[in-house]
Structures are given as structure tokens and as C-alpha cells.
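All remarks here apply to the structure that follows.
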Amino acid sequence: MRLELPREMERFGAVRFYGLQKVLELDAGLNGTIAPEPGTGIQRVPYESLYEIEKQMAIIIPVRNERLKLIEGVLAGIPHQCLTIMVSNSPKEPIDRFSMEKEALENFFMFVNKKAFIVHQKDPLIAKAFKKVNYPSILNSKGQIRNGKAEGMIVGTILAWLSGKKYVGFVDADNYFPGAVEEYVREYAAAFATSQSPYSMVRIAWQSKPKIIESKLFFKKWGRTSSNTNQLLNKLISHYTGFETEIIKTGNAGEHALSMELARRIDYSHGYSIEPYHLINLIEKFGGLSKSPFPDLMRKSIEVYQIESRNPHLHEVGDEDHIDQMSYLAMQAIYHSPICPNELRTELLHEMKEKELLTNSHKPPKPHQFPALINIKADEFFEEIKSASYAKLLNPAAVKKSEV
Ligand code: GDD
Ligand code: MG
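Numbering-wise, the sequence shown is residues 608 to 1011 according to the working numbering.
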């Protein structure tokens, strides 16, 4: 892959937010080093470097009630060398959607002979394991794993960690273009290959999202939720730096990946608020505004890459209400952060009322949050799930080796 070097950077304590990087060539050939090309502002990541990272990466697909044809396309887009983990929260009744997904995955991977497995979000063994390792925040009052995309992603992250992977990436299950899925994974790998830090994150900004407007295809750049969330996060950063910024372009990036070492040290937030909360929590924990729970990381750097993908992003269209709720969740996550300045809180309240998300007398609810996974013991967690069929693809002994 050949891509721009990040031209801009905002430093916030130990966190480096890099500006958007464009991709010049999806495949830049074999052999060679990753060094930037002198005088061009461009760097080349040879195919082997991508491959080496992909071998150490698990790709998680959170699924809830998606069309099987779409899921099959997504599976086909994930490079062979990545471990694929589907975390499904699809119903088992009246029709057993989960069994259908399992069958589709197993059929596909039998033909391509690849490492992959599917788990259900309500798998009682996984719930029991979370209880055992003292991580009750992910459980509901019935002792099951709570509903939500973030909750499924946390399950996937733990399983990726237990399989000894160094990186974990996420792709949605409702993508119409397998080629776009492949591109996202390659971009995750390119960012990790160029990263200088073991604590890094990469987030995808789509170059376009096709829509049909007056019976013609229109390639829209920014969605409503994304523009709003980006603007709010940029305001949050500007408040502290004193300089207006547009650095954040991926506030809602569902397509993103983390080094496992970073994934285990950040907190998470319910459902679709997970992606904006990543950025808020990085500032909370590593921005230098208060004492970091990981003081030795403050002497290192945490890198946030943002890459603009080439393929158009076409997925199932959600209704207006779904889009408003996603935007509302992002606003709730910002509003309730201890680092949210009062002026921004007032602005958020005003916006929520104007958009009729909130009635005059109320404050927004705080999205449910989940502490970092860092204290979970691999052996204890594995012990509870070792009888499951997917446990043979896990390797808790490899966990120690992959940690920095
Ligand atoms: N395991 C699990 N559990 N998966 C879920 C759940 C759940 O409770 N709810 C949704 N999913 C899956 C969906 O099946 C899909 O694969 C993925 O999570 C994203 O959900 P969508 O409902 O398709 O979200 P969206 O398209 O509106 O929004 C996506 O893009 C946004 C950026 O524009 C999401 O990825 C958002 O998180 C992201 O901010
Ligand atoms: Mg979608």
C-alpha cells in the first residue's frame, strides 16, 4: 500500500492524533522497507509487511440480524491470514438465525480452510467466564451478556486476546462490498506497520458513501452523525489546546482496529457510543489532565491513525430514528465525560433539546460503561470456556508472549 504520511498532528498529553491519510495505491508491490519516500510526503508499505501484521490480527464481525448474503460477502473480504471471529446477537427464536449464520460461516471456511469461529453474545459459558474474572459490568440482571454492539465487540476482543493475537480489528457485517472490507483490513495493517508505538489505534474515514438522490448515484462524503460527532470532539480538543482544530474525522468510525495492548487499557461505552468514547477515554486517561492509571505510558506515546479508504462504503440503510439515536449516544458520551467543559455541556443540552432528543426538564442518560480489560486473567477466563467447540482455536499460553 502506498499512502500519505500524516501531515498534521495534535498532541494531547501522551496521545497523538494524526491527520487524515489518503491512500495512493492499494497494493504497492513486494519487497523493500517501510521508510518514507524522501521529499514526497508518501510512504510505501510493501505487501509482506501487511501480511506479517495480518497474521497477528483477529477481525471481529459484530452481527445482529443481518442478511446472510451480506455476511458471506464480508467473510470473503477478510484476508486469509487473519483470524475471523463473528460475535452474533441474532435471535434463536422463532427462527434460529444464529444457526443459519453458524452454518454459513462453517461452510465458507470449510472451502477456504481458514481459522474462524462464531460465538453467540448470550453464550452462557462466556457470561460465566466474565463473572469468574470479576467483570460484572458486562452482565445484565439475568447474568447474561448485555445487548449492544460494544458489548459484542468486548466479547470479541477478549477472544482475540485469548487466541494470542497482537491486533484486533472490527468490520460491520452489513457491508455490500467485500472489496471494501479487504481494503479496511489492509489499512489497519498499514497503520500498524508504520506505527512507532505498541499502543495504537487506526480508524477509517470513507471517501464516499453512495446514496440514490433523484434517481442518480451521489457519492456523499460525510454522514450526518459523523459530521456532528467530529465537530463536537474537535471542540473538546480545542477547548484545552486553545487552537481550533479539525483533526478528528473519524468520531463514529465503526471500522477501526487497535493494538491489543491499547485495547486492554481503555474503557468502553455501551452500544454505538463505543467509537466516540474511544477518543474521549484516551484523553481522559492519557491526556495529562489528571493522573493516568498507567503512568509509564505517559512517557511513551499513544497513536491514533485516521485513514481515508478508497472503496465506497455501502451498507444497510438505517432509518432516521436509528441515526438520531446513534448521534444522541455520541453526545451522551461527551456530555458525561469528566473532561467535558461546561460551555460544551450547555451547547450539547441545547442541541439535544432542539433535535427533540431530550425534553426540557431532563439531563441525558449516561451510557453504561465498562472498565478496561487489563485485570482479566487469561487462564481463569479460559478455564470457564474450555469445553466450547471454539476453544480449540484459542491459545491462552500465547497470551503472555504477545504482551509488551
Ligand atoms: N454482536 C452484536 N450485538 N452486533 C450488533 C449488535 C449487538 O447487539 N447491534 C448491532 N450489531 C452489529 C450489526 O449487525 C452490524 O454488523 C454492526 O453491529 C453495526 O451495526 P449497524 O446497525 O449496521 O450500525 P450502523 O450502520 O447504523 O452504524 C455503523 O457505522 C457507524 C459509523 O457511521 C456502526 O458501526 C456504528 O458503530 C458506527 O458509529
Ligand atoms: Mg450498518
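Ideal placement from N, C-alpha and C gives every residue a C-beta, glycine not left out. Predicted model, so just to flag it, every value in this text is computed and none were measured.
query: Around the ligand MG, what residues have a beta-carbon under 6 angstroms from a heavy atom of it, in chain order?
result: The set of residues whose C-beta lies within less than 6 angstroms of a heavy atom of the ligand MG reads, in chain order, Asp-779, Asp-781, His-922 and Glu-923.
message: Assuming contact is defined by CB atoms lying nearer than 9 angstroms, are Pro-971 and Leu-964 in contact in what I supplied?
response: As a first step, residue 971 must be located in the sequence shown, where it is residue number 364. As a first step, residue 964 must be located in the sequence shown, where it is residue number 357. Yes, they are a contact pair.
Cutoff 8 angstroms; reference Lys-984; Cβ partners in own chain excluding five residues on either side: By 1-based counting over the sequence shown, the position of residue 984 is 377. Cβ within range, chain order: Val-740.
task: Give me whichever residues DSSP pairs with Tyr-875 in a beta bridge.
output: Within the sequence shown, numbered from 1, the residue matching residue 875 stands at position 268. Per DSSP, Phe-977.
- prompt: Which runs of the beta strand (DSSP E), 3 residues or longer, sit entirely within the segment 862 to 930?
  reply: 863 to 866 and 909 to 916
message: From the DSSP secondary-structure annotation, give me the bridge partner or partners of Asn-782.
response: Your numbering for residue 782 matches position 175 in the sequence shown. Residue pairing for Asn-782: DSSP places it in a beta bridge opposite His-922.
task: Quick one: using the 10 Å Cβ neighbour count with 16 as the cut-off for buried, is Met-717 buried or exposed?
output: Taking the sequence shown and counting its residues from 1, the one referred to as residue 717 is at position 110. When all chains shown are included, Met-717 counts as exposed.
message: Per the DSSP calculation, Ser-807 is bridged to which residue(s)?
response: On the sequence shown, position 200 is the one that residue 807 refers to. Beta-bridge pairing links Ser-807 to Glu-910.
task: State whether the segment 652 to 662 contacts the segment 795 to 803, with contact taken as three or more CB pairs (one from each stretch) at a distance under 8 angstroms.
output: yes
- request: Indicate the three-state DSSP secondary structure (helix, strand or coil) for Gly-759 in the structure shown.
  value: The sequence position of residue 759 within the sequence shown is 152, counting from 1. In the structure shown, Gly-759 falls within a helical segment according to DSSP collapsed to helix, strand and coil.
- prompt: Can you tell me where the beta strand (DSSP E) with Thr-723 in it begins and where it stops?
  reply: Here residue 723 refers to the residue found at position 116 when the sequence shown is read from its first residue. Per the sequence shown, the amino acid found at residue 723 is Ala instead of Thr. Counting along the chain, the beta strand (DSSP E) containing Ala-723 begins and ends at 723 to 727.
field: Reference His-863, options Phe-777, Glu-991 and Pro-785, closest by Cα
entry: Position 256 of the sequence shown, counted from the start, is the residue given in the question as residue 863. Nearest of Phe-777, Glu-991 and Pro-785 to His-863, Cα basis: Phe-777.
message: With three or more C-beta pairs closer than 8 angstroms as the rule, is the segment 822 to 842 touching the segment 758 to 776?
response: no
field: Simplified DSSP state of Leu-637, which is helix, strand or coil
entry: Against the sequence shown, residue 637 aligns to sequence position 30. In the structure shown, Leu-637 sits in coil (DSSP, three-state: anything other than H, G, I, E or B).
- prompt: Three-state secondary structure (DSSP) at Pro-817?
  reply: As a first step, residue 817 is located in the sequence shown; it is residue number 210 there, counting from the start. Pro-817: strand per DSSP, three-state reduction.
message: Tell me which residues share the same chain as Ala-734 and place their Cβ nearer than 7 angstroms to its Cβ, disregarding the 5 neighbours each side in the sequence.
response: In the sequence shown, the residue the question calls residue 734 occupies position 127. Excluding sequence neighbours, Ala-734 sits near Leu-746, Gly-750, Gln-751 and Ile-752.
field: Close-in-space but distant-in-sequence residues of the same chain around Asn-888 (CB under 6 angstroms, 5 per side omitted)
entry: Numbered from 1 along the sequence shown, position 281 holds the residue referred to as residue 888. Here the set comprises Ile-873 and Asp-874.
query: With DSSP run on the structure shown, which of helix, strand or coil describes Ile-667?
result: As a working note, residue 667 is residue 60 in the sequence shown. Three-state result, Ile-667: strand.
message: Please determine whether the Cβ atom of Glu-927 lies at a distance below 8 angstroms from any heavy atom of the ligand GDD.
response: The sequence position of residue 927 within the sequence shown is 320, counting from 1. False, no ligand heavy atom lies under 8 angstroms from that Cβ.
task: Let me know if Ala-1004 comes out buried or exposed under the rule of 16 or more other beta-carbons within 10 Å of its beta-carbon.
output: Indexing the sequence shown from 1 puts residue 1004 at position 397. Classification of Ala-1004: exposed, given that the 10 Å Cβ count is below 16.
- prompt: Name the DSSP beta bridge partners of Gly-776, please?
  reply: Taking the sequence shown and counting its residues from 1, the one referred to as residue 776 is at position 169. Paired residue(s): Ile-666 and Ala-864.
task: Return the first residue and the last residue of the beta strand (DSSP E) that Phe-630 is part of.
output: Translated into the one-based positions of the sequence shown, residue 630 becomes position 23. Sequence check: residue 630 is Val here, not Phe. Unbroken beta strand (DSSP E) run through Val-630: 622 to 632.
field: Cβ separation of Gly-858 and Thr-836, assumed to be a contact under 8 angstroms, to the nearest whole Å
entry: One-based indexing of the sequence shown puts residue 858 at position 251. One-based indexing of the sequence shown puts residue 836 at position 229. That belief holds up - the Cβ atoms of Gly-858 and Thr-836 are roughly 4 angstroms apart, short of 8 angstroms.
message: Please determine whether the Cβ atom of Asn-672 lies at a distance below 8 angstroms from any heavy atom of the ligand GDD.
response: Looking up residue 672 in the sequence shown gives position 65. For the ligand GDD, at least one heavy atom lies less than 8 angstroms from the Cβ of Asn-672.
field: Cβ pair Ala-756, Ala-812 closer than 9 angstroms
entry: By 1-based counting over the sequence shown, the position of residue 756 is 149. By 1-based counting over the sequence shown, the position of residue 812 is 205. The identity of residue 756 in the sequence shown is Lys, whereas the question assumes Ala. Between Lys-756 and Ala-812, the gap from beta carbon to beta carbon reaches 9 angstroms or more.
- prompt: Anyone know if the C-beta pair for Val-630 and Leu-610 falls short of 9 angstroms?
  reply: Within the sequence shown, residue 630 is the residue found at index 23, counting from 1. Within the sequence shown, residue 610 is the residue found at index 3, counting from 1. Their beta carbons are under 9 angstroms apart, which means Val-630 touches Leu-610 by this criterion.
query: From Ile-819 to Ile-666, what does the alpha carbon distance come to, in whole angstroms?
result: The residue given as residue 819 occupies position 212 in the sequence shown. The residue given as residue 666 occupies position 59 in the sequence shown. Per the coordinates, the alpha-carbon of Ile-819 lies some 31 angstroms from the alpha-carbon of Ile-666.
- prompt: Within the present structure, is the beta-carbon of Ile-914 separated from the nearest heavy atom of the ligand GDD by less than 8 angstroms?
  reply: Taking the first residue of the sequence shown as 1, we reach residue 914 at position 307. For the ligand GDD, not one heavy atom lies less than 8 angstroms from the Cβ of Ile-914.
- request: Spell out the partners DSSP gives Gln-932 in its beta bridges.
  value: In the sequence shown, counting from the first residue as 1, residue 932 sits at position 325. Paired residue(s): none; Gln-932 is not in a bridge.
Within 9 angstroms, strictly: CB atoms of Val-1006 and Leu-675: The count along the sequence shown starts at 1 and reaches residue 1006 at position 399. The count along the sequence shown starts at 1 and reaches residue 675 at position 68. Not a contact, by the Cβ cut-off of 9 angstroms.
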